[in-house]
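Each remark here refers to the structure printed beneath this line.
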Amino acid sequence: MNKLENILAALTPKRWPVRWRLAAVSATLTLIILVVFAVIVGRLTSNRLQNDFNDELRATGDRLALELQFTGKATHVSPDPGQVAAGATAVRVVDRTGNEFRGGATVGAPNLGPPRNVDGFSNVGSLRVFTTSIPTSVPVQAYLQYARSTDSLEATISRLWLFLGGGVLGGTLLAALAGIAIAGRAMRPVSALTATAREIASTRDPSLRIPEPETDDEVGELARTLEQMLRELDAARSETEQMMQVQREFVADASHELRTPLTSILANLELLQDRLEGTGGPDEEDEMIESALRSSRRMSRLVSDLLLLARADAGRTGARRECDLAAVAAAALSEVRPVADGRRLTLAEDGPVPVEGNPDELHRLAINLLDNGLRHTPEGTEIRIAVERRNGDAVLEVSDDGPGIPAGMEAQVFSRFVRGTGPADVAADTGTGLGLAIVKAVATSHGGDVHAGSSPAGGARFTVRFPSPAPSDS
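Following my numbering, the numbering of the sequence shown begins with 634 at its first residue and continues without gaps.
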């Protein structure tokens, strides 16, 4: 059934290429014109041939009627009609009842019946019969029946129609071929435009040039307009890239410049906290110091996140070496376990899973995924981290039993500054919105990828794939 539907769809003109449709229109119009012309010419020529045949038949019959004479008691005629009408198909001299006079017929002449349509024509089988009266000097009414076969006439007319039909078909075929050739030549610039547009779509490079058409027509105007549009888009892209580069440099510089004073502030606050604890200072001062430390640590994490993203945007990554992804996951799990607040943390791994990467960045990736689970799941739920080798890749997967990811947000959660807003999200509108963006940046910089989906329990599941390191030569 599908094959039949495909065939019917292919036969639908709307599915045809433009050149085929133009050729079909050209051939159809040519066919209509040639058919009308052939019908008119064929009908006129056929009528002319038939009229010429009838005129010749009448002229010969009238001449025979004048040459034939009755003799004796009008029981026969002379001269012999067979001699007078040499080459005729049949000649008969009959009375009004159709009886032949003696000697009044050619040898083997068929019975043409009684005279009908005197001074006119009639058809007897394949014979065309002209009947006329013979002038006589005796009181006997005689009629001449002169007949000729119409086979040659019909054959000529058939050849005429065959010739006209062949001309119609040949002309239609030539029109179709010419239409395809002309349409192909006319559509060649459009095909070039399409190829260039397809290449631009695949490479996302608007700097590609559109070929200049040879003709100055509508297609040429379209090509020039598209070329101008691409130049404007290329200029706009260059301006945007320059602005983004300036923005990345600003973020990187600001993050780097803020990191040092923040580190100093944290160190001084921690030192001050230690001194107050040693001297037994007031509780209010302890609370103030603790609040300042929390804010400073949060700002330090934010600056570190921005600096890591800025380095990823610039293509700068840390030193790479072969490390065990299972060990990275175990270390991250141990680090977040003290702040799990009643959530169950489980690790599933079957042994070492080597990857080529930066251990600190991979550790940050695992920490962010676990922290995301802690933020968006209620107490008493389970957060699972699994490390395995799957289809030749190293896979790290974190899943939970929380509210899950809203439908349609699977790709958007990796954008920067996107935070949970679901109705069941326990951490809605909290955090910086950079955690999963860092996960994606680290995965991409290591040649891998990350996907978000739903876990079997209905929560969120994040799957990170890394290519396995190439075996070393030993």
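Backbone N, C-alpha and C fix where the C-beta goes; we use that ideal spot for every residue, glycine too.
Subject >> Coil, strand or helix - residue 983 by DSSP >> reply: coil
**OP:** Could you give the DSSP three-state label for residue 749: helix, strand or coil?
**Re:** coil
Subject >> Closest by C-alpha distance to residue 986, when choosing among 978, 995, 865 >> reply: 995
Subject >> Which residues DSSP lists as bridging residue 756, in chain order >> reply: 761
Original post:
Thinking C-beta only, is residue 762 closer than 9 Å to residue 774?
Top reply: no
**OP:** List the residues that DSSP assigns as beta-bridge partners of residue 767.
**Re:** 775
**OP:** Could you check how far apart the C-beta atoms of residue 1069 and residue 1024 are, in whole angstroms? I think they sit under 8 Å.
**Re:** Incorrect: roughly 24 Å between the Cβ atoms, too far for contact.
Original post:
Between the Cα of residue 1115 and the Cα atoms of 1079, 811, 860, 819, which residue gives the shortest distance?
Top reply: No statement about residue 1115 is possible, as the shown extent of the chain runs from 634 to 1107 and does not include it.
**OP:** Tell me residue 1096's beta-bridge partners as DSSP assigns them.
**Re:** 1030, 1084
Original post:
First and last residue of the alpha helix (DSSP H) that includes residue 790?
Top reply: 784-836
**OP:** Could you work out which residue in 696, 862, 681, 727 is closest to residue 838 when comparing CA atoms only?
**Re:** 862
**OP:** Could you work out which residue in 1011, 944, 966, 664 is closest to residue 800 when comparing CA atoms only?
**Re:** 664
Subject >> Stretch-stretch touch, CB-based, cutoff 8 Å, three pairs: the region 693-702 with the region 784-791 >> reply: no
Original post:
Which value, in whole angstroms, describes the spacing of the CA atoms of residue 1079 and residue 1093?
Top reply: 23 Å
Subject >> Beta-carbon proximity of residue 780 to residue 757, cut-off 9 Å >> reply: yes
Subject >> Residue from 827, 925, 1076, 722 whose Cα sits closest to the Cα of residue 958 >> reply: 1076
Original post:
Whose C-alpha, out of 953, 744, 1098, is nearest the C-alpha of residue 1021?
Top reply: 1098
Original post:
Which residues share a DSSP beta bridge with residue 990?
Top reply: 954
**OP:** Whole angstroms is fine: what's the gap from residue 1087's alpha carbon to residue 952's?
**Re:** 34 Å
**OP:** Taking residue 1109 as part of the alpha helix (DSSP H), name the residues at either end of that continuous run.
**Re:** Outside the shown range of the chain (634 to 1107) lies residue 1109, about which nothing can therefore be said.
Subject >> Inter-residue spacing [alpha-carbon to alpha-carbon] between residue 938 and residue 1066 >> reply: 10 Å
Subject >> Cut-off 6 Å between Cβ atoms - residues of its own chain near residue 988, not counting five sequence neighbours on either side >> reply: 958, 1027, 1099
**OP:** Taking 8 Å as the threshold, find out whether the region 721-731 comes into contact with the region 790-799 through three or more Cβ pairs.
**Re:** no
**OP:** For residue 1057, count neighbouring C-beta atoms within 10 Å of its own C-beta (all shown protein chains included) and say buried if the count is 16 or more, exposed if not.
**Re:** Since pLDDT at residue 1057 reaches only 44, below the 50 mark, its modelled position is unreliable, and the value read off the structure follows with that caveat. Exposed is the call here.
Subject >> Of the residues 935, 1030, 753, the one placed nearest residue 981, counting alpha carbons only >> reply: 1030
Original post:
Does the pairing of the region 671-690 with the region 832-850 give three or more beta-carbon distances under 8 Å?
Top reply: no
Subject >> For residue 978, three-class secondary structure by DSSP >> reply: strand
Original post:
Between 1033, 991, 943, 662, which lies nearest to residue 954 when the distance is taken from Cα to Cα?
Top reply: 991
Subject >> Where the beta strand (DSSP E) containing residue 1070 begins and where it ends >> reply: Element bounds for residue 1070: not the beta strand (DSSP E) but the alpha helix (DSSP H), 1068-1078.
Subject >> Rounded C-alpha distance that separates residue 969 from residue 1074 >> reply: 21 Å
Original post:
According to DSSP, is residue 1050 helix, strand or coil?
Top reply: coil
**OP:** Give me the Cα-Cα distance between residue 690 and residue 699, rounded to the nearest whole angstrom.
**Re:** 15 Å
Subject >> Burial state of residue 827 (16 or more Cβ within 10 Å) >> reply: exposed
Original post:
Heavy atom of the ligand NAD less than 8 Å from the Cβ of residue 977, yes or no?
Top reply: The model on display carries no ligand, and the ligand NAD is accordingly not part of it.
Subject >> Within 9 Å, strictly: CB atoms of residue 679 and residue 808 >> reply: no
Original post:
In whole angstroms, what separates the C-alpha of residue 1009 from that of residue 1018?
Top reply: 15 Å
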